[in-house]
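These notes are about the structure you will find just below.
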Amino acid sequence: MSDVMLSGRTILVTGAARGLGLVLAETLRGCGARLVLADRDAEAGVAAAEKLGARFVPVDLAEPDAILAMAADVAAQEGALDGLVNNAAIATGIGGVTFEEIGQESWDRVMAVNVRGTWLVIRALAPLLRRGRDARIVNVASDTALWGAPRLLSYTASKGAVISMTRSLARELGPDGIGIAAVAPGILRTESTEYVPPARHRLYEEGRAVPGVQEAADIAPTVAFLLTPGALALTGQVLPVNRGFVFT
1 MSDVMLSGRT ILVTGAARGL GLVLAETLRG CGARLVLADR DAEAGVAAAE
51 KLGARFVPVD LAEPDAILAM AADVAAQEGA LDGLVNNAAI ATGIGGVTFE
101 EIGQESWDRV MAVNVRGTWL VIRALAPLLR RGRDARIVNV ASDTALWGAP
151 RLLSYTASKG AVISMTRSLA RELGPDGIGI AAVAPGILRT ESTEYVPPAR
201 HRLYEEGRAV PGVQEAADIA PTVAFLLTPG ALALTGQVLP VNRGFVFT
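Counting from 1, position 127 in the sequence shown corresponds to residue 127 in UniProt numbering; the numbering is continuous, with no gaps.
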């Protein structure tokens, strides 16, 4: 990818300390972006920021006050944002159970982070995005919400909500010239999917139009493009980036 594709653009990535978020941050930095990395893991986040020449800001999406503090920090330091990647989410320790076995506390925790947290981040950073240049938002959803993955209901439902949120916000943010889209990856080989049974990995890997493993790096080029000024025509769209496991 071009090392000037995102030159001069300031982009904040949540959940950027490890896994997909870190790979996305590395790719965006390689495309010339100035980065703000946000994560609840301060130690890993600071290390990632130092590696990428970025700035780190702590945030816990389960805590509304922490999101407001993050926004205030970015307003004071950066003043404006040209892009936002909503990647942070709860994805581990919640699968492998039927809908009847999900605890209410677990359900509420997933929704508080994956749905409410995503909304609050966008709401808190919207003034900074309006000050930016051709601002773009990319929400990381999941193709589980497109094909109805079983025994993963809270996560699947939360990502379905993120997809609907993306479409609705496209209409609200469009008059400001802000584009928002979502990517819906298939299952990746990352730290967050180590708990997934081998049979589920095989289901994906053998069912893709292009069979095989999908890595986090496969998602990053699409996200990078969606953060460019030229991606405005894709606002409101959901792109299944999954090597052809799901078609829309």
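For glycine and all other residues, C-beta sits at the position ideal for the given N, C-alpha and C.
Remember, it's a predicted structure, so these values are computed and weren't measured experimentally.
Under the DSSP assignment, A66 falls in the alpha helix (DSSP H) whose first and last residues are 64-77. Between R40 and V59 the beta-carbon gap is near 7 Å, inside 8 Å, which marks them as a contact.
Under DSSP, D39 shares a beta bridge with P58.
For W119, the closest alpha carbon among the candidates T14, L239, L234, V213 is that of T14. Between P240 and I219, the C-beta gap is not smaller than 8 Å, which leaves the two residues out of contact. A straight-line Cα-Cα distance of about 14 Å links L188 and G244. V238 and T222 do not touch by the CB rule: their CB atoms are close to 12 Å apart, not below 8 Å. Setting aside the 5 residues that flank it on each side, P64 is surrounded in the same chain by L120, each with a C-beta closer than 7 Å to its C-beta; the list follows chain order. The Cβ atoms of A170 and I180 sit closer than 8 Å to each other. Shortest Cα-Cα distance from L226 to any of V138, P198, R208, M165 involves V138.
Just measuring C-alpha positions, the residue of A76, E101, V115, G83 sitting nearest A91 is V115. Rounded to whole angstroms, the gap between the alpha carbons of P211 and V246 is 13 Å. For T228, the three-state secondary structure derived from DSSP is coil. For Q214, the CB contacts under 6 Å within the same chain, skipping 5 residues up- and downstream, are G186, L188, R243 in chain order. As summarised for the segment 87-169, the continuous alpha helix (DSSP H) elements at least 4 residues long and confined to that stretch are 104-111, 118-131, 144-147, given in chain order.
With respect to the C-alpha of A112, the residue from A89, R133, L125, G93 having the closest C-alpha is A89.
Under the 10 Å beta carbon count, G21 is surrounded by 16 or more other beta carbons and is classified as buried. L12: member of the beta strand (DSSP E) spanning 10-14, first to last residue.
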